[in-house]
Structures are given as structure tokens and as C-alpha cells.
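First up is the structure itself, then whatever we jot down about it.
There are 2 protein chains.
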Amino acid sequence: MTIITDAEVKTASVPQLKEICEKLRKEIFDTVSVCGGHLSSNLGTVELTVALHRAFDFPRDKIIFDVGHQCYTHKLLSDRAARFSTLRQEGGISGFPKRQESEYDCYDTGHAGTAISAALGIAKARDLQGEDFNVIALIGDGSFNNGLVFEALNSLHILNTRVLIVVNDNGMSISPTVGGTHDILGELKAGMKPESIALFEQYGLTYMGVYNGNDFSELLPALDEAKKTLKTSSVLLHVITRKGQGYPFCENAPEATHGVSPQGGEAQKEYSAALGEELCALAEHDKRIVAVTAAMTDSLGLREFFRRFPERAFDVGICEEHASVLCAAMATQGMRPYYAIYSTFLQRAFDEIIHDVCGQELPVTFCIDRAGITGADGETHQGVFDLSYLSFIPNLTIAIPKDVGEFRAMLRAGVRWNAPLAIRYPRAGVESPVLPIEIGKMEILHSTMSDITMLAAGERCISLAEEVRRRTAERGMDFTLVNARFLKPLDGELLENLPQKHIITLEDNVKIGGLGDAIARFYRNSEKKIYSFGYDDAFIPHGTPRSLAEKHGLSREALEDLIISLYARG
Amino acid sequence: MTIITDAEVKTASVPQLKEICEKLRKEIFDTVSVCGGHLSSNLGTVELTVALHRAFDFPRDKIIFDVGHQCYTHKLLSDRAARFSTLRQEGGISGFPKRQESEYDCYDTGHAGTAISAALGIAKARDLQGEDFNVIALIGDGSFNNGLVFEALNSLHILNTRVLIVVNDNGMSISPTVGGTHDILGELKAGMKPESIALFEQYGLTYMGVYNGNDFSELLPALDEAKKTLKTSSVLLHVITRKGQGYPFCENAPEATHGVSPQGGEAQKEYSAALGEELCALAEHDKRIVAVTAAMTDSLGLREFFRRFPERAFDVGICEEHASVLCAAMATQGMRPYYAIYSTFLQRAFDEIIHDVCGQELPVTFCIDRAGITGADGETHQGVFDLSYLSFIPNLTIAIPKDVGEFRAMLRAGVRWNAPLAIRYPRAGVESPVLPIEIGKMEILHSTMSDITMLAAGERCISLAEEVRRRTAERGMDFTLVNARFLKPLDGELLENLPQKHIITLEDNVKIGGLGDAIARFYRNSEKKIYSFGYDDAFIPHGTPRSLAEKHGLSREALEDLIISLYARG
Chain A
1 MTIITDAEVK TASVPQLKEI CEKLRKEIFD TVSVCGGHLS SNLGTVELTV ALHRAFDFPR
61 DKIIFDVGHQ CYTHKLLSDR AARFSTLRQE GGISGFPKRQ ESEYDCYDTG HAGTAISAAL
121 GIAKARDLQG EDFNVIALIG DGSFNNGLVF EALNSLHILN TRVLIVVNDN GMSISPTVGG
181 THDILGELKA GMKPESIALF EQYGLTYMGV YNGNDFSELL PALDEAKKTL KTSSVLLHVI
241 TRKGQGYPFC ENAPEATHGV SPQGGEAQKE YSAALGEELC ALAEHDKRIV AVTAAMTDSL
301 GLREFFRRFP ERAFDVGICE EHASVLCAAM ATQGMRPYYA IYSTFLQRAF DEIIHDVCGQ
361 ELPVTFCIDR AGITGADGET HQGVFDLSYL SFIPNLTIAI PKDVGEFRAM LRAGVRWNAP
421 LAIRYPRAGV ESPVLPIEIG KMEILHSTMS DITMLAAGER CISLAEEVRR RTAERGMDFT
481 LVNARFLKPL DGELLENLPQ KHIITLEDNV KIGGLGDAIA RFYRNSEKKI YSFGYDDAFI
541 PHGTPRSLAE KHGLSREALE DLIISLYARG
Chain B
571 MTIITDAEVK TASVPQLKEI CEKLRKEIFD TVSVCGGHLS SNLGTVELTV ALHRAFDFPR
631 DKIIFDVGHQ CYTHKLLSDR AARFSTLRQE GGISGFPKRQ ESEYDCYDTG HAGTAISAAL
691 GIAKARDLQG EDFNVIALIG DGSFNNGLVF EALNSLHILN TRVLIVVNDN GMSISPTVGG
751 THDILGELKA GMKPESIALF EQYGLTYMGV YNGNDFSELL PALDEAKKTL KTSSVLLHVI
811 TRKGQGYPFC ENAPEATHGV SPQGGEAQKE YSAALGEELC ALAEHDKRIV AVTAAMTDSL
871 GLREFFRRFP ERAFDVGICE EHASVLCAAM ATQGMRPYYA IYSTFLQRAF DEIIHDVCGQ
931 ELPVTFCIDR AGITGADGET HQGVFDLSYL SFIPNLTIAI PKDVGEFRAM LRAGVRWNAP
991 LAIRYPRAGV ESPVLPIEIG KMEILHSTMS DITMLAAGER CISLAEEVRR RTAERGMDFT
1051 LVNARFLKPL DGELLENLPQ KHIITLEDNV KIGGLGDAIA RFYRNSEKKI YSFGYDDAFI
1111 PHGTPRSLAE KHGLSREALE DLIISLYARG
């Protein structure tokens, strides 16, 4: 990779800029092909980012990338070009902005809708400290639906500061953008502007748009103008880009190429596909069933459900809180809502899980995908807190399937469970026969006369437990293995009757507040000894799931050592 | 109380309606004077609620009261007039809408901004079930700032259903309403309407307004018209009411009379007052300090700070998420933000605590007021989850002062603590000398040779522990008492050196995921026996704090029995 400096970008002619963009685009495409990553969103914003680097002086000026799915060009243009081939690899550079990685990254992102709030905070601090630099929030039209955006716009007058908001409008979140806010942007694009401009102006923004964000002849003068206006007013610069720009198969399938896995992934069953299949089958015979998603129809496996049951399928945009309340409200009327969402994004709806769903004890099922360590997306996407943030919520049942078949069984059993239910599962796993399941009952997978029982929750942990058991059993050190498939309610009957003294717990979650603590609470002051394995109390960066799990607390070797030492003690 | 029926309301003449309102208003005022409750907000909405009961058929039609600070008239007009004198009393009726209390309450509220989402969910379920009733969301202009509102508006087109949104505009949250959204409502009130109307129309609403919500001659025809329009379109009906209407001292002090305590409360120091005093003193010498609140300046003790340091004081409206991101962003630039908020409302910013503040390890201090059981507001306002939802977040320090003096010391020590800090405290407590404190160090309050140590966290628990100790010591059964003032980091040095075998923990929080679990984790597989006291795994309804605490897990008698039984065992 030739390293392109900011100085080059600032002095280049437009044809040279186009050449630079082609180089950057190729670098992104080639790297993502090997490393995986966010492809279409980054391909679409190459020109826009180059133009921003030309117009502004980073790192003195500050730019916040909302979500961060479009920061690769910025990384290549700041100080990470030489390391770009390590993208998303363990120990390599992150796929998201990271303050610790570079002074060019002023604010870490990963979840949607924070950029304008963050820009306002940075700008206000600048004013208070008597400094004078520019602050830019780059935000997609998908994020613009999120409530945080309006909370931030609401305080523009209050904070009395100046920021540049660049709306990167490509008509997509991960799914196509939907809803009234998007319609407003759409009217602006269609030239039916006055009322829509007035909306932004009422919040205190000078509206500028719309510009073709893949065309320097429009972008460069627009940014110059925006920079001037920014001296006296906050600006909303409305830019249209084409997701996947430059690579026709990305342009034509922006949802499928939003996030790309490195070539040669494992051939496992996606839990999301199973979710879609089960919900369709259930909905066929049960008119109460509705499915809700916050802008991730495909990734959550709901495309077919949306096709077959459009009147009972709702993509409400990146509005995780609203989706929860909507589910709760539908449930008050006898519907059975299934809300599919990634583990870390559900954190956004934490209050609504408590206040709306569990407070009213309503039969909403949270289908929590990408639970546990997810890997390459890093800190903001590791689903390692959900067992902790759900376990203390009254009225909530928490299920953790050991494989795809059990997940299907849980979904089927859940239909008759007239109370809030959370099912958390990883991206992919093993397909298996669907056996009937009783809510709240664990399962003994392997029974022994040894004095050791391992309680493992979820596919990663069951698989690790089985691996450890195979290896220690070969050496004559076997143990009982329990599929701890319900964290709540705990299976008191099974736990009370476990004869073993040594109880080892495994969970794909931080140790604090999860399964280990629940089991230890159950056995408190008994003769049992409890050994908990899960993740340490720290944020887990990007890397390979298996390696990260091993490194951060689910260590096969440590487990084997424990078994050996327990056998040695007799 | 004469019971006023819906039939009367529907057939009364306007002069009769006014008489009905005077009766209702007197009943509300008299009851709140005795029971405490939300006064000004309820006084302001008497006419509006009466008019809604006249225009619609409850419970067939459904009404959702956003937050619920304005539902008293509805309770009096539905089926709770005879029980109204039990308002907010233990075992009596709730101060908020409660489905379990009456079929006239279709959706429980308590936190801001859920009503439109909930109305949409109920309306959509109605459509799917082929039913035909009206759904109304009654929401104040203060709540209208909340991000959830825009998430809900965004999905009006998507859901393709019809609801009536009544905006009760009294210019207030608990504090005066602020921000751009409020300015838009303000322009509508001032008659500068076209752009603002267009905003709502772009989201799919027919705008009707503004009407005087305390005047039947405007209200009755407006509601008739809205009801007609609702057959073909969702409607936003903009109504102006006067908070405190009818009681001049309420009208003149709507913030002070928003929530009223029963006559003859305890004379304790408010923690919020101490917060204000300390922050002012610190800010005097430290220009990095800023204070942020989400629409509760006075209740959180920040009025004087806002007066003295207006450039460093930010009320961003009911936007808990935005406030957190703003704090994180200011902290990236070297500022030291203090974000004061009630415990249950901070649940709204859960993801931002993780993603923005702790993920970036920024020195933001969360001043978490109304932690622990708060009493009369019931389920949605009991601050009994914060220790659980904070304890597993990496990089966060969690402090629990035992009295007001210690709270002051924590705030002072916190200024030099270059990392995220959460301090959780109840409404009021004992003033005491300010002694220097070291972050992360617990304090031995009373040392004995007995085999029992009690670790108590926070004022309610320390006070209970001392009471128990006084009583058991009189009978010769003393124990060591530790002020467990930091849940995180745990004071390993002190805990390792505690000689006692029996460790009792007390916390003003649910037992799952709090102090008891942390201490048990620390001592796991040691010879120690751990006995945890805190609240059971259930939502705690309204009542007297002391009685609720006793009933739900912090029982003095149970503690004494435990001490006695431990002594008996020798």
C-alpha cells in the first residue's frame, strides 16, 4: 500500500483525487476480502472522507464517525495505512474508531446515534476552554432515526455551540432506512424542500444540501461553504452517497455486503436462519405472533417472515427502545411479539425491558442474537453482558440454548410461556434434532460417579466442556456435565439433587452477575465448592472468537488443570 | 367524595362540567395534602381529562398517560374514586396508571416518553385483531423532548395505524421545558405555525391546535373534531394547560409543587442539597467541572450551581441518553462532568454508561439520587437495581456513602479520580463531619472479637445495622460492623483480613447482582459463611420506605434472629 498523506490530499487536483480514491477503494476491498469487515458502507464514503481530509485539519479538527462503519478511509488517511492489513485481526487495528489507536480518532463509536451528542460535547468543551477547532459528526441516514439524534438536536440551542453534521444519506441502515425521518430526508432529496429544511432550521441548524457525496465537483465547494458557515452557525450538510460505490456487486447488494466475513468461514447453521424458520412455522398457525426488528431484518433471519407475514412484521429502524415498548404494548392486547436484536444493541432498551415488558409481566420474547464473544468487531459488539444485565430483572425467564435444535425447541415452548422470555444465542452453531423442552429445566448430558459437575451454558461452553471432558476422561478423570440452559428460573430440583461436591460453571459472558454467581448464590453456605469460568472484568477487544474466549477467561487449559487438581486432591 | 360517573360527565352542561372539575380539583388537592403526590401536573389536567372522558368511551377506548403524573382525574372518573384517599399508601391505589388496578388503565407508565410507542402498539394490535376502538396518548411537552418520542413518530408510516396524540403543553417537565423541540411547540403557540405543522405532518400526523386545555368551550369541540379526524388519520392535538391550575400558589411555583410530600415529613439533610453545595465549592476552583441534568435541576440540588456557573451547567431536557454521551464527550477534552440523575432514570442511559463512558474510561461522575427504595411512587421509581446494573461494567468505580458527610468526601475525592465514578445515595439523610476518604477503602465502624461481621452499604443499611447491633449487643451478642462504602473496587485488603467466619451483607438493592453477590464471590470456597440481605427478586410496589424495606428483605427481625442463631451455634 502506498501511503497517502493529508498533504497530498490537500494539494491534489480533482483527477488526482479520483486516483487517490481508486487506490483507497482497492485497498479497502482487498483488505476486507481477507480480514472481513464493513464493506459497502466504507466503499460509499471514500470521496466524502477524502474531501473532509482536504477541507479540515485533523487531528486538530475533530471528526466523530457515527457507528464507525465508514471510518476505513479515515484510518488509511491518518496514521494507520501501514497497519491496515491487520484490520480486525487480533492485536491489529480496530474496525471502529478508537482513541487509544490514534490521536486522529477523538471518540469511540460502535452503536448508532451517538455522533451528534458527542460532537456537541466536544464542541462545548472547546468553547469553555477558549479553543478554536472544528467539530464534525458524520452520520448515516439510518442512524438518523435513532432517538439520541433528536435528543442531541433538541439541545443545540441549549448548548449554544457550533458543529458540522454531515448526513451521509445512502438510504440504508444495515437494512434499507425506513420511517418518517427518512421520508423527510427523502423529500429533501426530491427537491421538495421548504418544510423539511424548516425542521432542521428550527433546531438551530443551517441546512445545506443535497450534494452528491461521490462527486468532488459538488463536494469540495460544498465543504468549503460549510466550513465558512460553521463560523457562525451549526450546519447540517446533506450528502448522498452510494453504498458499495465502485464495486457493482456491492452497489447491487448493499445489505448483503454491509458486513463481510473473511473468505472461507465455517459451514455452520446460523441461529438467525433457524429463528426465521421457526417464527414462520409458528406464525402460520398462530395469528398472535408478530416479529419486530430495529433495522436488521436480514442479519436476524427475518427476511422470509417479512415476506410471508408483512402485516405482522415490523422493522422500525434503529430504534431499540421504541421497538421494546411497541412489543410490550402489543402484548397487552394479546399479541405475542418476538423482538430479534443483537445482544449489545439490546443494551439500548434496558430500561424498557424493566419498565415496560417485565414490570407489566408481558409475554414478549427477546431473541438475543450475537450473544457471547463475537470477535472481530471488538469491544462495542461483544455480547458478554446480557446474562448480567438480565439476571436481576424480576419476571424474566432467561434461556441459553446449547445448539440450534434446542433453540428451536425453546422458541416452540416459548409460545406457551405467558411471561417475558429472553433467549440468547451466538451467530452460528450445530443443527440438531428438536426435542421437547420444559422451561426452567436443565439437562444432564453426561452422568458420572465422580465428585465433579460442570454446568455449561450455551454452545461455546458446552462445546468447550465436551472437549475438556474428552481429554480428561481419556486420562481417567471424568465428570458430570449439565446443560445449564436456563439461567432463570434456576432448576432448583436438579441443583438440589446434584451429589457432586465440586461445581464448575462455564458461561460465554462476564463472570460478574451471570451464571456462576447465580449457582454460587443457590449453593451459598453449602458444602459445595464453586469454580466459575467466564470473562474477566474488562472490555474485550477484537480478535478471533475462540482465541479471545481462551484468553479472557474460558481457558481449556485452566479447566483441565482444575479437573486434574480436583482429582489429585481426591 | 361524591363519585362522579362517566355518564354524568357525558351528559353534563358546561357549567355542570365546571362544577365537576372544582370537585375533582378539591379532591386531588385535599388528598395530595395528606398522602403526598404529584400536585401541579394533576391540577392542570382536570378539564382535559374530563373532556376526554366525555368524548371517548373508556375502558373500550384506551388512554396511555405518559409518565403518569397526570392520571389522578382519570382515576377519580373511572373506578377508583372510593379508594382515592388511599392514594400512594401501602396497599392503596398507585399514583401511576396500573393495569392490575383497573381495566381503565391499559398501560403502566412512570418513565418519560413511552406513551406514543405504547399507543402505536395497542392500535396496531387492534388493527390486526379487526377491532375498532380509539387509542389516545396523553403526553406532556417535557416528555416530548425524549428520544423515544421521535422513534415512535418515525414509525407512524411504517405501522400504518391511527392514534390520537394529545400534547399537554404546560411549558414544564419537572423543570421548565427546554430545547429545540420545545421551541417548535412554542412557535405553534405563538401562531407562527406553518413550518412546525409541517414537521408533524411529515411524520404522518394531522396537527390540530392550539387549544386552551383548561377551557371547555375550546376543548369540547376540538376533541369532537379530533375524534372525527382520527377515523382517517393520526392526530396530534396540541393543548395548553396551566400547571397548578386553580391553586394560585401552585400556578406560581409549578416546579416546587410538582411532587409534594405529605405534611409533616422528616427534617433531614437532602443529599441533593449537599451535591449542590459541594459542586459549587469545587467548581469555584476547578474550571473543568460541569454539571448536567435531564430536566430536574431543582430536585437534584443544582439550582445554585446553575445560577453561579450558567456557562458550565446544562439541563438538556428529559434526554438521559444524550446527557451521558455529552458528558463522555466533554470528558475526552479534559472536562470533569457530573451527571446528576435519579437511579431508575439512569436505566435509560445504560448502554451509554457502558459504550461511551466506561468503554472509553472517561472521568464522568454519575451522581445517582433516589437510590434504594424510594417509597410512594412505587415500582417504576424504586432505585433498587443500580448496584446490579453497574457492578459488572468494567472500569467503573461504585461508591455508596453512609451519610451526607461521607457523600461530600466522596465528591471531593472523586475530583482526583481519573476514571468513571458512580455515587449512589438516597433522598435524605444525616449530615455529618467530612472526613477524608480513600477511593476503594471500606471502613470498620465497630470492631469486636465476635465471629460475626456485618457489611452494610448506604445510609438505610448502616442505620439498620446499628439498630440491630444496639439491640443484640444489649443481649450480649455484639458483632463487627463495616461500612461497605465501595462496591467496586472491593476492598480486598480489608476483606482478606477480616477474621470473622460469618459475614452478613446488607444492601438497599435487589439481592441479585449486588453487594452480597460480590462479597460471596470474593470469599468463594473459603471457610466464610455469607448471609445476604437485600430485596427479593420482585418489583416493589408503593408504600412507606421503611415498611417496604422491612417487608421485601431488609427485616430487622430476621437480622436479629440470624445473629441470635449464629451465637447459639457458638
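Protein sequences, first through last, are from chains A and B.
Note that our numbering has the first sequence beginning at 1, numbered continuously upward.
Note that our numbering has the second sequence beginning at 571, numbered continuously upward.
All C-beta atoms in this analysis are idealised placements derived from N, C-alpha and C, irrespective of residue type, glycine included.
For threonine 297/A, decide whether its Cβ has a neighbour in chain B, counting only Cβ atoms nearer than 7 Å.
Locating residue 297/A in the first sequence gives position 297, where the first residue counts as 1. Output row for threonine 297/A: interface = no.
Relative to the alpha-carbon of tyrosine 107/A, which residue among Ile122/A, Gly95/A, Ile93/A, Ser94/A has its alpha-carbon at the smallest distance?
The sequence position of residue 107/A within the first sequence is 107, counting from 1. Nearest C-alpha to tyrosine 107/A: Ile122/A.
Helix, strand or coil, according to DSSP, for asparagine 154/A in the structure here?
Residue mapping note: residue 154/A aligns to position 154 of the first sequence, counting from 1. Of the three classes helix, strand and coil, the one that applies to asparagine 154/A here is helix, per DSSP.
Work out the CA separation of lysine 632/B and aspartate 675/B for me, nearest whole Å.
Within the second sequence, the letter at position 105 stands for residue 675/B. Within the second sequence, the letter at position 62 stands for residue 632/B. The alpha-carbon atoms of aspartate 675/B and lysine 632/B are separated by roughly 8 Å.
Helix, strand or coil for glycine 717/B, going by three-state DSSP, please let me know.
For the purposes of this step, residue 717/B is taken as residue 147 along the second sequence, with counting starting at 1. Helix.
Which same chain residues end up closer than 7 Å to valine 934/B when comparing Cβ atoms and leaving out the 5 residues on each side of it in sequence?
Here residue 934/B is taken as the residue at index 364 of the second sequence, counted from 1. Cβ within range, chain order: Cys897, Ala898, Ala901, Pro907, Tyr909, Val927, Pro990.
To the nearest angstrom, how far is it from the Cα of histidine 53/A to the Cα of aspartate 351/A?
Walking along the first sequence from the start, residue 53/A turns up at place 53. Walking along the first sequence from the start, residue 351/A turns up at place 351. Taking the straight line from one Cα to the other gives about 39 Å.
Proximity test, Cβ basis, 7 Å: glycine 180/A and chain D:
Protein chains in the displayed structure are A and B, and chain D is not among them.
Kindly indicate if chain B contains any beta-carbon less than 7 Å away from that of tyrosine 342/A.
Locating residue 342/A in the first sequence gives position 342, counting from the first residue. Closer than 7 Å: no.
With distances taken between CB atoms, is the gap from alanine 484/A to leucine 515/A smaller than 7 Å?
As a position in the first sequence, residue 484/A is number 484, starting the count at 1. As a position in the first sequence, residue 515/A is number 515, starting the count at 1. Result yes, Cβ atoms of alanine 484/A and leucine 515/A sit closer than 7 Å.
Residues of chain A with CB under 8 Å from threonine 950/B, in chain order?
By one-based count along the second sequence, residue 950/B stands at place 380. By Cβ distance, chain A contributes His355, Gly359.
Looking only at its chain, what residues have a beta carbon closer than 6 Å to the beta carbon of glycine 1141/B, apart from the 5 residues adjacent to it on each side?
Here chain B covers residues 571 to 1140 and nothing more, so residue 1141/B does not appear.
Could you say if the region 180–188 of chain A and the region 743–752 of chain B meet the contact criterion of at least three C-beta pairs nearer than 8 Å?
no
Taking one C-beta from the region 214–232 of chain A and one from the region 24–33 of chain A each time, how about it: are there three or more such pairs within less than 8 Å?
no
Cα-Cα separation, threonine 1030/B to methionine 1047/B:
Working through the second sequence from its first residue, we reach residue 1030/B at position 460. Working through the second sequence from its first residue, we reach residue 1047/B at position 477. The amino acid occupying residue 1030/B in the given sequence is arginine; threonine does not appear at that position. When rounded, the distance between both Cα atoms is 22 Å.
Checking contacts by CB at 7 Å: is aspartate 908/B closer than that to chain A?
Indexing the second sequence from 1 puts residue 908/B at position 338. In the sequence as presented, aspartate is not what sits at residue 908/B; that position holds tyrosine. No - not a single Cβ of chain A is within 7 Å of the one on tyrosine 908/B.
Please specify which runs of the beta strand (DSSP E), each continuous and at least 3 residues long, are wholly inside the region 754–822 of chain B, giving them in chain order.
775–782, 804–810
Any C-beta of chain B within less than 9 Å: which residues of the region 550–569 of chain A qualify?
none
DSSP has arginine 424/A in a bridge; who is on the other side?
Working through the first sequence from its first residue, we reach residue 424/A at position 424. Bridge partners of arginine 424/A: Ile368/A.
Just to check my reading of the structure: tyrosine 535/A and arginine 427/A have Cβ atoms closer than 8 Å, yes? What is that Cβ distance to the nearest angstrom?
Taking the first sequence and counting its residues from 1, the one referred to as residue 535/A is at position 535. Taking the first sequence and counting its residues from 1, the one referred to as residue 427/A is at position 427. That belief does not hold up - the Cβ atoms of tyrosine 535/A and arginine 427/A are roughly 17 Å apart, past 8 Å.
Could you say which of Arg162/A, Arg424/A, Gln89/A, Ile519/A lies nearest to leucine 275/A if we only look at CA atoms?
Walking along the first sequence from the start, residue 275/A turns up at place 275. Closest by alpha carbon: Arg424/A.
If we count the other Cβ atoms within 10 Å of its Cβ and call it buried at 16 or more, is isoleucine 368/A buried or exposed?
Mapped onto the first sequence, residue 368/A falls at position 368. Under this definition isoleucine 368/A is a buried residue.
Report the residues of the region 1091–1118 of chain B with a CB closer than 8 Å to any CB of chain A, ordered along the chain.
Arg1091, Arg1094, Asn1095, Lys1099, Ile1100, Tyr1101, Ser1102, Asp1107, Ala1108, Phe1109
Using a beta-carbon distance below 7 Å, is histidine 644/B in contact with chain A?
Within the second sequence, residue 644/B is the residue found at index 74, counting from 1. So no, histidine 644/B is outside the interface.
From this set, Glu1120/B, Glu881/B, Tyr642/B, Leu800/B, which residue's C-alpha is nearest threonine 731/B's C-alpha?
Position 161 of the second sequence, counting from 1, holds the residue named residue 731/B. It is Leu800/B whose Cα lies nearest to the Cα of threonine 731/B.
Cβ-based burial, glutamate 890/B [other Cβ within 10 Å; buried from 16]:
For the purposes of this step, residue 890/B is taken as the residue at position 320 of the second sequence. With 16 or more other Cβ atoms within 10 Å, it is buried.
Answer with buried or exposed for glycine 1113/B, where buried requires no fewer than 16 other C-beta atoms within 10 angstroms of its C-beta.
The residue given as residue 1113/B occupies position 543 in the second sequence. Burial call: buried.
Near isoleucine 911/B, which residues of its chain fall below 8 Å by C-beta distance, leaving aside the five closest residues on each side in sequence?
Position 341 of the second sequence, counted from the first residue, corresponds to residue 911/B. Answer for isoleucine 911/B: Thr863, Ala864, Met866, Leu870, Glu890, Ala893, Ala919, Phe936, Cys937, Ile938, Asp939, listed in chain order.
Please confirm if glutamine 772/B has its CB atom under 7 Å from at least one CB of chain A.
In the second sequence, residue 772/B corresponds to position 202, counting from 1. Glutamine 772/B counts as touching chain A.
Which bits of chain A does serine 745/B rub up against, with CB to CB less than 7 Å?
Stepping through the second sequence from its first residue, residue 745/B is reached at position 175. In chain order: nothing, as chain A lies at least about 12 Å away.
Starting from the C-beta of isoleucine 859/B, find all residues in its chain whose C-beta is less than 6 Å away, skip the five residues before and the five after it, and write them out in chain order.
What you label residue 859/B is simply residue 289 of the second sequence in a count that begins at 1. Answer for isoleucine 859/B: Leu852, Ala853, Arg906, listed in chain order.
Contact list for the region 76–100 of chain A against chain B, Cβ threshold 7 Å
Arg99
Just checking: is the beta-carbon of proline 964/B within a distance shorter than 7 Å of some beta-carbon in chain A?
In the second sequence, the residue the question calls residue 964/B occupies position 394. Yes, its Cβ sits closer than 7 Å to a Cβ of chain A.
Along the beta strand (DSSP E) that carries alanine 399/A, what are the first and last residues, could you check?
Taking the first sequence and counting its residues from 1, one reaches residue 399/A at position 399. Looking at the DSSP string, the run of the beta strand (DSSP E) that includes alanine 399/A is 397–399.
Can you name the residues of chain A whose CB is closer than 8 Å to the CB of arginine 732/B?
Position 162 of the second sequence, counting from 1, holds the residue named residue 732/B. Near arginine 732/B there are no residues of chain A at all, since even the closest Cβ is about 15 Å away, more than 8 Å.
Just mark histidine 855/B as buried or exposed, buried being the case when its beta carbon has 16 or more other beta carbons within 10 Å.
The residue labelled residue 855/B in the question sits at position 285 within the second sequence. Exposed, by the Cβ-count rule.
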